[in-house]
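Written out below as structure tokens is the structure these notes cover.
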């Protein structure tokens, strides 16, 4: 059975004001637009207060959507509106969160972008994820998203943009096969910002892995030059072996 796959980027710290968060979201959505046409007609997913809203050309309505919906009145900000919702100068321990999709339903071939960043808490990860349909999806005519080189390049550029502590490409089914407890790092393409990860190139137990530098710090680890959709025993064993080595070397 084929599964959807996800690009996930994670880091702690780096609090942002709502204004700084909005600027980062705009810049990232613009980057995605330039990467592929599937990101050119995104929409905010809506919430209990407001239905789905399409992003207008040049993202002209993005600031309004973020100001109204990225935060909430259920957390304490350093400064806030009288009703408790954030203003542009606000910083909150949970940061800010927005979800965007390219279409209205999974049946239509949905690509989903979640940006949850700006958390002032050092205990909770900021996360940016991009989720793609399965390769056999009948209504998603973009085979390039299932080519290793294309998605690897997108992954690396997203890493350069957000500068996460760790990142991975995975499916939820695959991760469940690989890991049964924290740390969650199971994937077939894994990035760690720690430069010590490059020392794994000399580990004979990972001789069948590629370890390469990325963005001037840290490294990218991969064990197959194609996207893994089926959880066969060989893929799971390699991902478990990598996870074990990362834990052994205290890299995660």
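Numbering (the working numbering), first residue to last: 33 to 284. Ideal placement from N, C-alpha and C gives every residue a C-beta, glycine not left out.
Beta-carbon separation (whole angstroms), residue i vs residue j, contact threshold 8 Å
| i | j | result |
| --- | --- | --- |
| residue 102 | residue 129 | 6 Å |
| residue 154 | residue 44 | 6 Å |
| residue 149 | residue 98 | Rounded, the Cβ-Cβ distance is 12 Å, inconsistent with contact. |
| residue 164 | residue 36 | 6 Å |
| residue 184 | residue 120 | So it is not a contact: roughly 36 Å between Cβ atoms. |
| residue 91 | residue 58 | 6 Å |
Buried or exposed by the 16-neighbour rule on C-beta atoms within 10 Å, applied to residue i
| i | result |
| --- | --- |
| residue 294 | The structure shown has nothing for residue 294, since the chain only spans 33 to 284. |
| residue 229 | buried |
| residue 74 | buried |
| residue 252 | buried |
| residue 219 | buried |
| residue 41 | buried |
| residue 175 | exposed |
| residue 181 | exposed |
| residue 276 | exposed |
| residue 198 | buried |
| residue 265 | exposed |
| residue 179 | exposed |
| residue 234 | exposed |
| residue 38 | buried |
| residue 283 | buried |
| residue 279 | exposed |
| residue 232 | buried |
Collapsed DSSP secondary structure at residue i in the structure displayed
| i | result |
| --- | --- |
| residue 123 | coil |
| residue 53 | helix |
| residue 156 | coil |
| residue 232 | helix |
| residue 133 | strand |
| residue 33 | Any reading at residue 33 must be qualified, since the residue scores a pLDDT of 49, below 50, and its modelled position is unreliable; the value itself is stated next. Residue state, collapsed to three classes: coil. |
| residue 3 | The question about residue 3 has no answer, for the chain in this structure spans 33 to 284. |
Nearest residue (CA-CA) to residue i, options the options
| i | options | result |
| --- | --- | --- |
| residue 104 | 91, 124, 94 and 89 | 124 |
| residue 70 | 79, 133 and 193 | 133 |
| residue 192 | 217, 275, 224 and 126 | 224 |
| residue 256 | 270, 247, 250 and 249 | 270 |
| residue 94 | 61, 162 and 276 | 61 |
| residue 309 | 212, 273, 278 and 188 | Past the boundaries of the shown model lies residue 309; the chain is included only from 33 to 284, so the question cannot be answered. |
| residue 210 | 72, 48, 170 and 267 | 267 |
| residue 166 | 141, 79, 146 and 156 | 141 |
| residue 47 | 72, 116 and 159 | 159 |
| residue 162 | 236, 201 and 156 | 201 |
| residue 186 | 49, 66 and 58 | 66 |
| residue 110 | 217, 122 and 117 | 122 |
| residue 87 | 143, 96 and 221 | 96 |
| residue 242 | 221, 259 and 260 | 221 |
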